[in-house]
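Notes follow once the structure below has been shown.
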Amino acid sequence: MVKYERRRITTEDEDFLDLDCLLTGNSRLAILCHGLGGSSEAPYMKSTAEEFQRRDFDVVAMNYRSCSEQVNRKAKMYGMMTYLDLETVVKAFEEEYSEIVLVGFSMGGNIVLNFMVHLLPKYELIKGAVSVSAPCDVWASISDFEKLGNGEYQEYFLDKIKDCLREKNQKYPNIFEEAGVCLEEVLRSKGLRAFDETFTIKVEGFSNIDEYYKTTTTKGRLHLITRPTLLLLPWDDIVVSSNCFPTEEGRRNSNLFFERPEFGGHLGYESKNQRFGLEERIVDFMLEEAVE
Numbered sequence: 002m003v004k005y006e007r008r009r010i011t012t013e014d015e016d017f018l019d020l021d022c023l024l025t026g027n028s029r030l031a032i033l034c035h036g037l038g039g040s041s042e043a044p045y046m047k048s049t050a051e052e053f054q055r056r057d058f059d060v061v062a063m064n065y066r067s068c069s070e071q072v073n074r075k076a077k078m079y080g081m082m083t084y085l086d087l088e089t090v091v092k093a094f095e096e097e098y099s100e101i102v103l104v105g106f107s108m109g110g111n112i113v114l115n116f117m118v119h120l121l122p123k124y125e126l127i128k129g130a131v132s133v134s135a136p137c138d139v140w141a142s143i144s145d146f147e148k149l150g151n152g153e154y155q156e157y158f159l160d161k162i163k164d165c166l167r168e169k170n171q172k173y174p175n176i177f178e179e180a181g182v183c184l185e186e187v188l189r190s191k192g193l194r195a196f197d198e199t200f201t202i203k204v205e206g207f208s209n210i211d212e213y214y215k216t217t218t219t220k221g222r223l224h225l226i227t228r229p230t231l232l233l234l235p236w237d238d239i240v241v242s243s244n245c246f247p248t249e250e251g252r253r254n255s256n257l258f259f260e261r262p263e264f265g266g267h268l269g270y271e272s273k274n275q276r277f278g279l280e281e282r283i284v285d286f287m288l289e290e291a292v293e
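Numbering (this note's numbering), first residue to last: 2 to 293.
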């Protein structure tokens with residue numbers, strides 16, 4: 002049973018992030034990043050946090066903006082650019098630990114990879130990362146996802162985000178208008194691409210959807226990663242495109258490790274029933290390849 006301790010930190014734009022923590026005085030810290038529509042309470046987050054704690058890591062499980070019980074003060078929500086918020090979390094804890102590792106699931110996996118590509122040289126204490134089912138080719142992932150007919154899956158998560166936008170608009174009137182966002186247009190949007198076109202690119206400052214997806218795609222940039230990083234993508238994951246498993250880049254970078262377990266689906270691992278245990282493999286990798 003995971004019993005988190007809540008910490009709230011302030012972002013550079015005077016917003017906040019709610020972090021759920023397991024802090025017991027270890028010298029190593031694991032920071033966990035959830036997927037779309039998730040939170041620190043997602044089963045894969047809690048089971049991974051528990052495994053890290055069992056094996057002598059402290060843990061910080063992120064809740065992205067408006068993914069805890071309270072909506073945030075700014076128009077911005079979360080997306081692939083959330084790796085900048087991840088940096089805020091790293092800064093908040095860097096004085097307390099000698100080693101930090103990063104773990105991301107689905108969208109959170111690409112957030113972690115973006116951090117490792119763009120920000121890693123600034124942080125010597127980041128020792129390694131694991132990215133699970135990450136859409137590291139954003140265009141391909143969204144296109145393939147839509148072709149698969151996962152409309153109900155998309156709308157389930159988008160409905161949760163839109164409910165949050167409605168709540169935020171009631172609490173902070175004019176917040177979206179001031180950010181150049183037409184809330185009515187966002188609420189009418191269908192699918193992830195349309196949501197990003199009407200909302201995400203505007204609050205993140207991109208000129209168009211192509212610029213946003215190209216900027217946040219990590220495929221083709223993984224050669225820049227200079228510390229051990231494991232990418233996991235199960236063969237039966239029907240959400241993330243196989244284009245997001247760039248093994249050629251792995252052959253050119255000894256810091257990249259690629260594994261494709263037979264089972265798992267999209268974050269649907271059950272280690273007690275299957276041959277591959279997600280939580281155990283993640284921590285094993287960190288202990289074997291990343292930390293001292």
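Glycine included, every Cβ here is placed at the ideal spot set by N, Cα and C.
Quiz item: In whole angstroms, what separates the C-alpha of residue 9 from that of residue 68?
Solution: For the purposes of this step, residue 9 is identified with residue 8 of the sequence shown, where counting begins at 1. For the purposes of this step, residue 68 is identified with residue 67 of the sequence shown, where counting begins at 1. Each residue's Cα considered, the two are about 13 Å apart.
Quiz item: Since residue 61 and residue 30 are thought to touch, with beta carbons under 8 Å apart, how far apart are those beta carbons, to the nearest angstrom?
Solution: What you label residue 61 is simply residue 60 of the sequence shown in a count that begins at 1. What you label residue 30 is simply residue 29 of the sequence shown in a count that begins at 1. Yes, residue 61 and residue 30 are in contact; Cβ-Cβ is about 6 Å, under 8 Å.
Quiz item: Nearest-angstrom Cα distance between residue 93 and residue 87?
Solution: For the purposes of this step, residue 93 is identified with residue 92 of the sequence shown, where counting begins at 1. For the purposes of this step, residue 87 is identified with residue 86 of the sequence shown, where counting begins at 1. Those two C-alpha atoms are separated by around 10 Å.
Self-check item: residue 228 and residue 256 closer than 8 Å at C-beta
Solution: Taking the sequence shown and counting its residues from 1, one reaches residue 228 at position 227. Taking the sequence shown and counting its residues from 1, one reaches residue 256 at position 255. Result yes, Cβ atoms of residue 228 and residue 256 sit closer than 8 Å.
Exercise. Taking the CB atoms as reference points, tell me whether residue 246 and residue 259 lie closer together than 8 Å.
Key: Numbered from its first residue, the sequence shown carries residue 246 at position 245. Numbered from its first residue, the sequence shown carries residue 259 at position 258. It is a contact, given that the beta carbons lie within the stated cut-off.
Quiz item: CA-CA distance, residue 270 and residue 46?
Solution: On the sequence shown, residue 270 is found 269 positions in, with the first residue counted as 1. On the sequence shown, residue 46 is found 45 positions in, with the first residue counted as 1. Below a pLDDT of 50, predicted positions are generally treated as unreliable, and residue 270, at 46, falls in that range; no measurement from the model is reported.
Practice problem: Could you spell out the range, first to last residue, of the alpha helix (DSSP H) harbouring residue 177? | Solution: Here the question's residue 177 lines up with position 176 in the sequence shown. Its alpha helix (DSSP H) spans residues 176-179.
Quiz item: Do you know how far the Cα of residue 27 is from the Cα of residue 1?
Solution: Only positions 2 to 293 of the chain appear in this structure, which leaves residue 1 out of reach.
Quiz item: By Cβ distance below 6 Å, which residues in the same chain neighbour residue 140 in space, the five residues on each side in sequence not counted?
Solution: Here residue 140 corresponds to residue number 139 of the sequence shown, with the count starting at 1. The answer, listed in chain order, is 214.
Quiz item: residue 289: buried (16+ other C-beta within 10 angstroms of its C-beta) or exposed?
Solution: Your numbering for residue 289 matches position 288 in the sequence shown. Looking at its Cβ environment, which holds fewer than 16 other Cβ atoms inside 10 Å, residue 289 is exposed.
Quiz item: In chain order, which alpha helix (DSSP H) runs of at least 4 residues are fully inside the stretch 18-53?
Solution: none
Quiz item: In whole angstroms, what is the alpha-carbon distance linking residue 196 and residue 135?
Solution: By one-based count along the sequence shown, residue 196 stands at place 195. By one-based count along the sequence shown, residue 135 stands at place 134. Cα to Cα, the separation comes out at about 19 Å.
Quiz item: Which first and last residues belong to the beta strand (DSSP E) in which residue 59 is found?
Solution: Within the sequence shown, the letter at position 58 stands for residue 59. Its beta strand (DSSP E) spans residues 59-64.
Quiz prompt | Run of the alpha helix (DSSP H) containing residue 230, from where it starts to where it stops | solution = Here residue 230 refers to the residue found at position 229 of the sequence shown. Looking at the DSSP string, residue 230 is not in any alpha helix (DSSP H); the run it does join, the beta strand (DSSP E), is 230-233.
Exercise. Leaving out five residues on either side along the sequence, give the residues of the same chain with a beta carbon under 6 Å from the beta carbon of residue 295.
Key: What is shown of the chain runs 2 to 293, which leaves residue 295 out entirely.
Self-check item: Counterpart residues of residue 1 in DSSP-defined beta bridges
Solution: Only positions 2 to 293 of the chain appear in the structure, and residue 1 is not among them; the question remains open.
Self-check item: Distance CB(residue 226)-CB(residue 131) smaller than 8 Å
Solution: As a working note, residue 226 is residue 225 in the sequence shown. As a working note, residue 131 is residue 130 in the sequence shown. Not in contact: residue 226 and residue 131 (Cβ atoms no closer than 8 Å).
Exercise. Note down, in chain order, each residue of its chain lying with its Cβ closer than 6 Å to the Cβ of residue 220, except the 5 sequence neighbours on either side.
Key: The sequence position of residue 220 within the sequence shown is 219, counting from 1. These residues qualify, in order along the chain: 137, 138 and 247.
Quiz prompt | Rounded straight-line distance, which links the Cα of residue 50 to that of residue 63 | solution = Working through the sequence shown from its first residue, we reach residue 63 at position 62. Working through the sequence shown from its first residue, we reach residue 50 at position 49. If you take the alpha carbons of residue 63 and residue 50, they lie about 11 Å apart.
Quiz item: Does the beta-carbon distance from residue 22 to residue 6 come in below 8 Å?
Solution: For the purposes of this step, residue 22 is identified with residue 21 of the sequence shown, where counting begins at 1. For the purposes of this step, residue 6 is identified with residue 5 of the sequence shown, where counting begins at 1. For residue 22 and residue 6, yes; Cβs fall inside 8 Å.
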